[in-house]
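Working notes, structure below.
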Amino acid sequence: MSTTRFTLVCVLVGLVVYIFGHLLGIGYLFFAGYTILQFIALASAWNILGGYCGYVNFGSAAFFALGAYSTVFFYKFNPLPIPLLIIIAAVVSGIVGLGMGYLTLRLRGAFFAIATLAMAVVLQTLVVNWSYVGGSRGAYIVRTDTIDIGGYTIEYIEYLFLLMMAVAILSIVISRTIARTQLGFGFATIRDDELAAEASGVPTLRLKLIATTISGALMGMAGAPFPYYIGYLQPASAFGLEYGVNSIAMPIIGGTTSWVGPLIGAILLGSLQQIATVTISSAVNLLIVGLLLVGFVVIAPNGLVGLVQDRLRTRRSGK
Amino acid sequence: MSPLLHVSNISKRFGGFVALDGIELEVQPGERLGLIGPNGSGKSTLVNCICGALQNEQGSVHFDGHALDGLAAHQRTHRGLARSFQLPRPFVSLNLADNLRVPMLYTVHKRSGPLHGDSIDARCVELLRLVGLDHKARHMPRDLTQVEMRKLELARAVAAEPKLLIADESMAGLSHSEIEDILALLMQLNERGITIILIEHIMSAVMSFSQRLVVLVSGKKIADGKPENVVKNPEVVRAYLGQ
Amino acid sequence: MDISFDLLMNAIVAGLLLGGFYAAVTAGVSISFGMLDIVNIAHPGFIILGSYIAYIINISFGIDPIVVSILTLPAFYLLGTFIYQVYYLSFEKRGQESLRGLAFFFGLLFVTEVMLILVFGVDYRYVEASYIGPSLHLGNIDFPLRMLVPCITALVLFGLLHLFVTRTFTGRAIMAVSQDQLALQLMAADPIRIKRIAFGISIATAAIAGALLIIIQPVEPSVGREYIGRVFAICVLGGLGSLPGTLVAAMLLGVMESITSTFYGPSWAPAVSFGFLLLTLAFRPAGLFGR
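Residue numbers (my numbering), protein chains in the order written: chain A, 6 to 324; chain B, 52 to 294; chain C, 170 to 460.
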């Protein structure tokens, strides 16, 4: 299926989901749905660098927060429409991703991973000390209850839902497109054996920088609408550990070698977490995520997608 | 005739340990050079410095008239330098044909312009047939035997259409007939015009293959000449062939 | 800015004492990452676990936290060997250390932290000991005992480790395995067993580091995260696998953090270690003393 057709299918599915929810009229579904779409975007974005190239980024929360705080900055400076903020977040996070990559991608994967963690903390410290965006006191974002889109009046949360849907679809489309082009091919060689890739003529540093930039930009885009979603933004919530853990756990549980894995992981794990947070507690919910992550990494390293592929392969060779 | 490869005064240290000490080496176009030396003598380090996997502290490498200093490994491959690894390093998530596709897309493409998809496929198959692996084109590297992995490793290096191929211990642990296979393959490649540096411990193979023999001991070159002369060199006998 | 000399000296002394403690915290990672090449980012999680165990036993039975940690050493050692076994079978054997291994330890860190939250909640916990409170005074310089005792204990721990690694057969085997596994096999020692012992020791140090931590400062489950950067910054700065280098780097970082904290405020302190780590990785990954 060509990319254009795939995008259209995604948009269609998205619209159907939205209309369904709109007709049901349960506001909570949109709040929960927003979170899941956000994770779809984050997981897909993470997977471009982590799953495809094999470079683990522990600082996903930092890029997410960059997007959120660039929104807060403009809110205080000169409020802009959210779609524009999303684009700005993409640029800011993309540039930071490029910069970070340039500083650290020459190192082995382990050092890179630690560096991403370090970067996240440095950024968090900078934000906490930056009083213009609220610092540790936090920042309030005031928004209207409803919004007019082309003559229709809809709930604000539905508007945010649609925006995040667009970001999620963009992440999936980019993720899938990369996998089907030479770029994805090059990424796979880096993951498999970077030394051999270099020896074969693959410009590994350049490709890794591309991966970090795209990954960072998409994560920033996922973070841009967040202040409007949550209303009150504190560094602790923007840089929260659940973003870092989930953006790693969802692709690993879903399967890191394809674009489908993060999607499945995000939907399954995201829904599971919504249910757990509501019925049990948010701490238990995070515990479950952590345990699943460790379990899957040890037992099923290729995730759910990998398990299905193995099942299909044995069935095929069995016939 | 100017040399294809000129290694001048290469030195490399790891902390206090001197791995290479002022190595001078020239390789003529079309030549078959053998490089031998005991374990730890610096052969792999030399290869890594020539190919850009390691940076030498002193000296320079000239290839095909150009200085390679400062160039990344992939750039050196683009210039026509290829190597196989001592321990095969296939791309495990790609099948055999795709393994060969990588250097074609990233090196040959770059050098001589985009190739048509079909022509890449044809070249992959042809190369696999050359090493006797075309029946496993769609297989994954984990399905290969030891000797097949070595052949894939060589095929992948050749897929980059190099002017100079460095074959790093492609024959270790193989049976007599498997060694003959690889030697025949290397001869065939040389007849096609590829200059070859063969790094090996198996003396019979090295002696029959090489037109010239270079001996490395403890990071220094101690002999460089015709194989039959080198093996008579007392220093060589003492340091290496005494084993 | 009116930099009082006394203030500066006190900041430096506090930094050195803190640095000694940091060395104890880093010792474990020096072994697991520096010598075994295992990126155990969950190490701070085990330290916090050690802190809580010291807390519980201290509160229930009144035993000194450092004594508690020494008593729990065997348990932590066993935990370490168990984790290494899982790590080896799942990742090292298959040659997939990088992505999976990192995710594994990240998951462990996370699980440890959340379990502690579930059991103990997010309130800060303290221990009671006779040396928490009083200080020694040398002229105008204060040596708070709650920092001095951990620092001395840490230096002792460090000294013992250094002796172990340089004087005993197992210790030297651990150094050897970090450099050349093949040579070790030729020495008829089993590299896997050696690594398992080393990792066990690495986690055992976390028990002690945890007790020291809760003496120095109140602890709550997420405190571990701040230490990830510090620990790896010190490890990298000191040159991987070099115990003396780690000690010097730890002192250096301690002093830098202390000075930053005193003159610019404590909210900037985390940025110091993590920022330093980033700079080191970017410009001198071999560390100050590395090869």
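No residue lacks a Cβ here, since even glycine has one placed at the ideal position from N, Cα and C.
Annotation: Cβ neighbours of A/G191 in chain B (cutoff 9 Å, chain order): V153, L156, Y157.
A/I258 has a beta carbon lying at 8 Å or more from every beta carbon in chain C.
Here the segment 175-187 of chain C lies against the segment 301-314 of chain C, with 3 or more beta-carbon pairs under 8 Å apart. Comparing C-alpha distances from C/L285 to each of C/S220, C/A323, C/E261 shows the shortest one belongs to C/S220. Under a 10 Å Cβ-count criterion, B/A235 is classified as exposed, with fewer than 16 other Cβ atoms of the shown protein chains found around its own Cβ.
In the DSSP assignment, B/G276 is bridged to B/L264.
Listed by position along chain A, the residues whose Cβ is nearer than 7 Å to that of C/F443 are A123, V126, V127. Taking a beta-carbon distance threshold of 8 Å, A/E203 counts as an interface residue toward chain B. For A/N134, the chain C residues whose C-beta falls within less than 7 Å of its own C-beta are S436, W437, listed in chain order.
Between the C-alpha atoms of B/L179 and B/L240 there is a straight-line separation of about 13 Å. Shown here, C/G189 sits in a helix according to DSSP, grouped into three states. Short of 7 Å from the beta carbon of C/T431, and not among the five residues preceding or following it, lie these beta carbons of its own chain, in chain order: L176, A180. Under the Cβ distance rule, C/V255 counts among the residues neighbouring chain A, one pair being separated by less than 8 Å. For A/Q187, the C-beta contacts it makes with chain B under 8 Å involve L156, in order along the chain. Under the three-state reduction of DSSP output, C/S259 falls in the helix class. Exclusion of the five residues before and after A/T151 leaves T158, I159, E160, Y161 as the residues of its chain whose Cβ lies within less than 8 Å of its Cβ. Measuring C-alpha to C-alpha distances from A/F190 to each of A/A173, A/I174, A/L212 identifies A/L212 as the nearest. Taking a Cβ-Cβ cut-off of 8 Å, the neighbours of B/T128 in chain A comprise E203, A204, S205, G206, given in sequence order. Residues of the segment 47-60 of chain A with a C-beta atom less than 9 Å from some C-beta of chain C are G55, G56, G59, Y60, listed in chain order. For the pair C/G276 and A/Y57, the Cα-to-Cα distance works out to about 20 Å. In the structure shown, the three-state DSSP call for B/D185 is helix. Across the structure, A/R181 and B/S170 are spaced so that their CA atoms are roughly 26 Å apart.
Taking 8 Å as the threshold, the shortest C-beta distance from A/T262 to chain B falls below it. Look at the segment 212-254 of chain C and you find these whole runs of alpha helix (DSSP H), each 4 residues long or longer: 212-230. Within its own chain, the residues whose Cβ lies closer than 7 Å to the Cβ of B/V268, once the five positions on either side in sequence are excluded, are G88, P89, S92, A290, Y291, listed in chain order. With contact defined as three or more Cβ pairs closer than 8 Å, the segment 190-199 of chain A and the segment 134-154 of chain B are in contact.
Assignment of B/D120 by DSSP, reduced to helix, strand and coil, places it in the coil class. Assignment of beta-bridge partners to B/Q109 by DSSP yields B/S62. Remark: C-beta atoms of C/L271 and A/V61 approach each other more closely than 8 Å. The shortest CA-to-CA distance from A/G32 to any of A/E163, A/F68, A/V22 is the one to A/E163.
Contact annotation: in the segment 413-433 of chain C, no residue has its CB less than 7 Å from a CB in chain A. Residue contact check for C/M316 against chain A: no CB pair falls below 8 Å. For A/T319, there are no C-beta contacts with chain B under 7 Å, since the nearest C-beta of that chain is about 15 Å from it. If only uninterrupted alpha helix (DSSP H) runs of at least 4 residues are considered, those enclosed by the segment 193-229 of chain B are 197-210. Residue ranges of uninterrupted alpha helix (DSSP H) with 4 or more members, entirely inside the segment 25-73 of chain A and ordered along the chain, are 32-52. DSSP places C/S371 in the uninterrupted alpha helix (DSSP H) bounded by 360-385.
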